[in-house]
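Counting with our numbering, you get residues 1 to 232 for the letters of the sequence shown.
Using N, Cα and C, we set each Cβ at its ideal position, and we do this for glycine too.
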Amino acid sequence: MAKIGIIGDGKMGMMLASLLEEGSYEFLDYTKDLVNNDYDVLLDVSHPDMLENIIKLENEVSIPICIATTGYNEEQIKKIEELSKKTPVLLSSNYSLGVNLFNKILETASKVLMDDFDIEIIEMHHNQKVDSPSGTARMFFNTINNIKEYKEVNGRSGFSKREPNEIGMHSLRGGTVAGVHEVIFAGEDEVFSIKHQATSRKIFAKGMLKGAKWIVNQENGLYDMSNVLFKD
Numbered sequence: 001m002a003k004i005g006i007i008g009d010g011k012m013g014m015m016l017a018s019l020l021e022e023g024s025y026e027f028l029d030y031t032k033d034l035v036n037n038d039y040d041v042l043l044d045v046s047h048p049d050m051l052e053n054i055i056k057l058e059n060e061v062s063i064p065i066c067i068a069t070t071g072y073n074e075e076q077i078k079k080i081e082e083l084s085k086k087t088p089v090l091l092s093s094n095y096s097l098g099v100n101l102f103n104k105i106l107e108t109a110s111k112v113l114m115d116d117f118d119i120e121i122i123e124m125h126h127n128q129k130v131d132s133p134s135g136t137a138r139m140f141f142n143t144i145n146n147i148k149e150y151k152e153v154n155g156r157s158g159f160s161k162r163e164p165n166e167i168g169m170h171s172l173r174g175g176t177v178a179g180v181h182e183v184i185f186a187g188e189d190e191v192f193s194i195k196h197q198a199t200s201r202k203i204f205a206k207g208m209l210k211g212a213k214w215i216v217n218q219e220n221g222l223y224d225m226s227n228v229l230f231k232d
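Written out as structure tokens, the structure reads:
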């Protein structure tokens, strides 16, 4: 049985702890003591400001880690890449199985439609979310941008004309919405869209635990959920 440590005591941290304490995942033994226990895997659901502490901890113990924290800047991403040379790192802005299937479908749809369709991305989250656009929206943008380079435009106002090489990113905040994401391909006489709606944060926790079970058996390196689900 693998022993898991959770970094972060917010809503996601509590959701992960709740699932583990229910005994739903027999392969993991949850403990709150991050100092005096040996771990097989760590789950980070904290804040970008915690990264330096996490790297310091990993330099001491070097154990596999799943990172779900969003809002990292480019310098922090580079530090995570460096960390992955010393220990297995699973990095994803969204561990939902449905969202990662969405991303796989999006890659195919983009290759087929991008030359003839305008692309817009819309995301909505609860009123306590501080970063925008969401990490998942950025993941979708990067999936498209890796195929063909686009300019990211956050929101639209005024009287400027839409350019063909733009992708509009639109963020909505309100209520207790767990997460809604939609990518719209708008062409002449037809619109194609892909949409995912999370009705509970539990889907992110379940996906992360699936990732935790996988990452403990991997070599050093930087992985994402496509490696877990599709063996990419």
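Residue i burial status per 10 Å Cβ neighbour count (16 or more: buried)
i           : result
residue 159 : exposed
residue 138 : buried
residue 192 : exposed
residue 209 : buried
residue 163 : exposed
residue 237 : In this structure the chain extends from 1 to 232, so residue 237 is not present and cannot be described.
residue 207 : buried
residue 42  : buried
residue 155 : exposed
residue 53  : exposed
residue 94  : buried
residue 216 : buried
residue 211 : buried
residue 183 : buried
residue 199 : exposed
residue 186 : exposed
residue 77  : exposed
Extent of the continuous alpha helix (DSSP H) to which residue i belongs
i           : result
residue 225 : 225-230
residue 18  : 11-21
Same chain, Cβ closer than 8 Å to residue i, neighbours up to 5 away in sequence not counted
i           : result
residue 80  : 51, 67, 72, 89, 91 and 222
residue 101 : 229
residue 11  : 201
residue 111 : 147
Host beta strand (DSSP E) of residue i (start-end)
i           : result
residue 147 : Residue 147 -> no beta strand (DSSP E), and no H or E assigned at all.
residue 44  : 41-44
residue 47  : Careful: residue 47 lies outside any beta strand (DSSP E) and carries neither H nor E.
residue 169 : 166-173
residue 115 : Segment: none, residue 115 is in no beta strand (DSSP E) and carries neither H nor E.
Neighbourhood of residue i by C-beta distance below 6 Å, restricted to the same chain and skipping five residues each side
i           : result
residue 124 : 172, 177 and 180
residue 132 : 171
Beta-ladder partner(s) of residue i, from DSSP
i           : result
residue 198 : 179
residue 220 : Answer is none; residue 220 lacks a bridge partner.
residue 203 : None, per the DSSP bridge assignment.
residue 7   : 44
residue 193 : 184
residue 208 : Note: residue 208 sits in no beta bridge, so no partner.
Neighbourhood of residue i by C-beta, 7 Å cutoff - its chain only, sequence neighbours within 5 removed
i           : result
residue 127 : 173, 174 and 175
residue 13  : 6 and 45
residue 196 : 98, 99, 102 and 181
Residue-level contact to chain D via CB, residue i, 8 Å cutoff
i          : result
residue 76 : Reference to chain D is not applicable here, since this structure consists of a single protein chain.
Worksheet entry | Every unbroken alpha helix (DSSP H) within the region 55-111, with a cutoff of 4 residues, ordered by chain | Look at the region 55-111 and you find these whole runs of alpha helix (DSSP H), each 4 residues long or longer: 74-83.
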